[in-house]
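Structure first, then comments.
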Amino acid sequence: NAGVTQTPKFRVLKTGQSMTLLCAQDMNHEYMYWYRQDPGMGLRLIHYSVGEGTTAKGEVPDGYNVSRLKKQNFLLGLESAAPSQTSVYFCASRFSGPSYEQYFGPGTRLTVT
Amino acid sequence: GQQVMQIPQYQHVQEGEDFTTYCNSSTTLSNIQWYKQRPGGHPVFLIQLVKSGEVKKQKRLTFQFGEAKKNSSLHITATQTTDVGTYFCAGPEVSSARQLTFGSGTQLTVLP
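Structure, rendered in structure tokens:
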């Protein structure tokens, strides 16, 4: 099992450009999450999904959109990148239920200039 | 909204010394999870505590969940260089147990 994979690993964008980050998991998890991690601020939830075709906003959703067309994939889109979106992005997934642990992908380091 | 605070933010110890990080929630938690992130890596689940006053051990790591289920601690005995990383606690959101609120983490440096 590959677990949770993320594509790409690194990306540099110019302000105003768009891009999509792909997260894939092969563990048949129902729930999937997108976080951003900035120095000293821990992990902040951007959007999440509790099943195919459903998404919900997290703590910091502005400037991002998501889609979950297939159970195993969760896409994060930036329509018009801003320097404030420079960060490391982590995808995570877990089984449904009250107390299952989250499995994280390796992360995508995004720089917006 | 719910807040999960962790202290200290940074800790430097000599190899062999003990280390403790503390986690405090603004709300009562149904459970608390701990994760470790190595430098340049991704968070990895360590353990979950569910019961009031629960204590769990993993080799040199001891995890405690407070009686009021609003605080938790992670203690490492006789640190090793392999313990280097950032330790995060996380608790379910009050509004939706589907989400976790992460603490800001404690970054541990172990000096050889």
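The listed protein sequences derive, respectively, from chains A and B. Just so it is clear: in the first sequence, position 22 is 26 by the numbering used here, and no numbers are missing. Just so it is clear: in the second sequence, position 78 is 267 by the numbering used here, and no numbers are missing. Using N, Cα and C, we set each Cβ at its ideal position, and we do this for glycine too.
Boundaries of the beta strand (DSSP E) in which residue i is found, first to last residue
i       : result
H264(B) : 260-265
G55(A)  : 47-55
H201(B) : 199-203
M36(A)  : 35-41
L218(B) : Element bounds for L218(B): n/a, residue is neither H nor E.
R113(A) : 112-116
A28(A)  : 23-29
S214(B) : 208-214
K74(A)  : Unbroken run through K74(A): none, as it is neither H nor E.
K19(A)  : For the record, residue 19(A) in the displayed sequence is Thr; it is not Lys. Note, T19(A): premise wrong, no beta strand (DSSP E); not H, not E.
A60(A)  : 58-61
V64(A)  : Neither: V64(A) is in no beta strand (DSSP E) and is coded neither H nor E.
Euclidean distance between Cα positions of residue i and residue j
i       : j       : result
S214(B) : S241(B) : 14 Å
S100(A) : Q269(B) : 35 Å
H231(B) : F94(A)  : 8 Å
G205(B) : L235(B) : 21 Å
Q247(B) : V299(B) : 19 Å
W223(B) : F208(B) : 15 Å
Q296(B) : R15(A)  : 26 Å
Q10(A)  : T112(A) : 7 Å
P197(B) : G109(A) : 26 Å
Cutoff 7 Å; reference residue i; Cβ partners in own chain excluding five residues on either side
i       : result
E256(B) : S241, G242
V340(B) : The structure shown does not extend to residue 340(B), since chain B spans only 190 to 301, so no value can be given for it.
Spatial neighbours of residue i in its chain, beta-carbon cut-off 8 Å, leaving aside the 5 residues before and after
i       : result
L49(A)  : Y37, W38, Y39, G62, E63, V64
G59(A)  : It is Thr, not Gly, that sits at residue 59(A) in the sequence shown. Cβ within range, chain order: H51, Y52, S53, V70, S71, R72.
V273(B) : R227, P228, L297, T298, V299
Three-state secondary structure assigned by DSSP to residue i
i       : result
T271(B) : helix
S88(A)  : helix
K240(B) : coil
F99(A)  : coil
Q253(B) : strand
A286(B) : coil
Residues bridged to residue i (per DSSP)
i       : result
A279(B) : Q222(B), F291(B)
Q296(B) : Y199(B), T275(B)
Cβ-based neighbour list, residue i, same chain, cut-off 6 Å, excluding 5 preceding and 5 following
i       : result
Y199(B) : Q296
K225(B) : V233, L235, G274, Y276
Note to self: Taking beta-carbon pairs under 9 Å, can you tell me which members of the segment 45-63 of chain A lie near chain E?
What the structure shows: No chain E is part of this structure, whose protein chains are labelled A and B.
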